[in-house]
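Here the structure is laid out as structure tokens; the discussion comes afterwards.
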Amino acid sequence: MKKTVIAILVRNQAGVLTRVSALFSRRGFNIDSLTVSETESHAFSRITVTMEEDAYVKKQLMKQLGKLHDVREIEEMHADEAVFRELLLIKIKVTPGTRQEIMDATNVFRSKIIDFSADSLCVEITGESPKIDAFIELMRPLGIVEMCRTGVIALERGKDCLKTLE
55 MKKTVIAILV
65 RNQAGVLTRV
75 SALFSRRGFN
85 IDSLTVSETE
95 SHAFSRITVT
105 MEEDAYVKKQ
115 LMKQLGKLHD
125 VREIEEMHAD
135 EAVFRELLLI
145 KIKVTPGTRQ
155 EIMDATNVFR
165 SKIIDFSADS
175 LCVEITGESP
185 KIDAFIELMR
195 PLGIVEMCRT
205 GVIALERGKD
215 CLKTLE
């Protein structure tokens with residue numbers, strides 16, 4: 055199975071996300087990550103779904119999504135044709151002996167310390183999933199207090215875009 059990222063342009067109306075996610079549930083599709091936000095047009099929202107499924111399941115899913123009334127566009131995002139990013143907020147336990155190590159790692163990973171206290175640091179990091187995973191694994195032995203991760207978002211490179219004329 056291969057990791058698949060699908061971008062879905064939908065009407066920005068109440069209940070649309072419920073209908074889209076219900077389709078996944080009814081068909082037994084597992085979602086690894088799901089992000090939703092308004093687009094440059096207030097009339098539309100963009101849903102980005104990451105999942106691991108074989109080609110047949112992916113094809114069936116895209117066909118079923120296309121049948122939903124509120125779905126305007128569906129596009130599979132390919133690594134060589136798109137930019138992928140995630141955001142991670144992570145709070146790490148700090149001692150006088152680990153503070154500098156965490157600050158050094160933050161610099162190496164080009165992330166930002168966004169909250170600083172005597173017993174913890176809160177770090178913001180963006181990048182591709184492997185970078186986020188590597189930072190988490192580096193911080194795990196130091197003591198992760200809590201974390202929140204957005205899931206993948208993606209945009210096609212160049213002039214291509216997920217848009218509808220409406």
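In this note's numbering, the protein residues as written are 55 to 220.
From the three backbone atoms N, C-alpha and C, an ideal C-beta is built for every residue, glycine too.
Being a predicted model, the structure only gives us computed values, none of them experimental.
Residue i in three-state terms, based on DSSP
i: Arg65; result: strand
i: Leu209; result: strand
i: Ile146; result: strand
i: Glu182; result: coil
i: Phe78; result: helix
i: Phe189; result: helix
i: Ile168; result: strand
i: Glu14; result: Absent from the model: residue 14. The displayed extent of the chain is 55 to 220, so no value can be given.
C-beta neighbour in chain C for residue i, strict 8 Å
i: Asp108; result: This model lacks chain C altogether, as it is built from one protein chain only.
Pair within 8 Å by beta-carbon distance, residue i and residue j
i: Ala188; j: Thr102; result: no
i: Arg100; j: Ala61; result: yes
i: Gly104; j: Val148; result: In the sequence as displayed, the identity of residue 104 is Thr instead of Gly. Not closer than 8 Å, so no.
i: Val137; j: Arg211; result: yes
i: Glu107; j: Phe83; result: yes
i: Ala97; j: Arg73; result: no
Close-in-space but distant-in-sequence residues of the same chain around residue i (CB under 8 Å, 5 per side omitted)
i: Asp169; result: Lys145, Leu175, Cys176
i: Ile198; result: Ile144, Lys145, Ile146, Lys147, Ile190
Residue i Cβ short of 7 Å to the ligand PLP heavy atom set
i: Ala188; result: No copy of the ligand PLP appears in this structure; indeed no ligand is present at all.
Close beta carbons around residue i, own chain, < 6 Å, minus the five adjacent residues each side
i: Leu216; result: Ala61, Leu63, Glu127, Glu129
i: Arg139; result: Thr180, Ile207
Member of the options whose CA lies at the smallest distance from the CA of residue i
i: Thr204; options: Val90, Gln114, His132; result: Val90
i: Glu155; options: Leu88, Gly120, Pro195; result: Pro195
i: Arg164; options: Lys185, Thr152, His132; result: Lys185
**Prompt:** Where are the beta strand (DSSP E) runs, 3 residues long or more, that stay fully inside the stretch 104 to 136, in chain order?
**Reply:** If we require 3 residues or more, the beta strand (DSSP E) runs fully inside the stretch 104 to 136 come out as 125 to 131.
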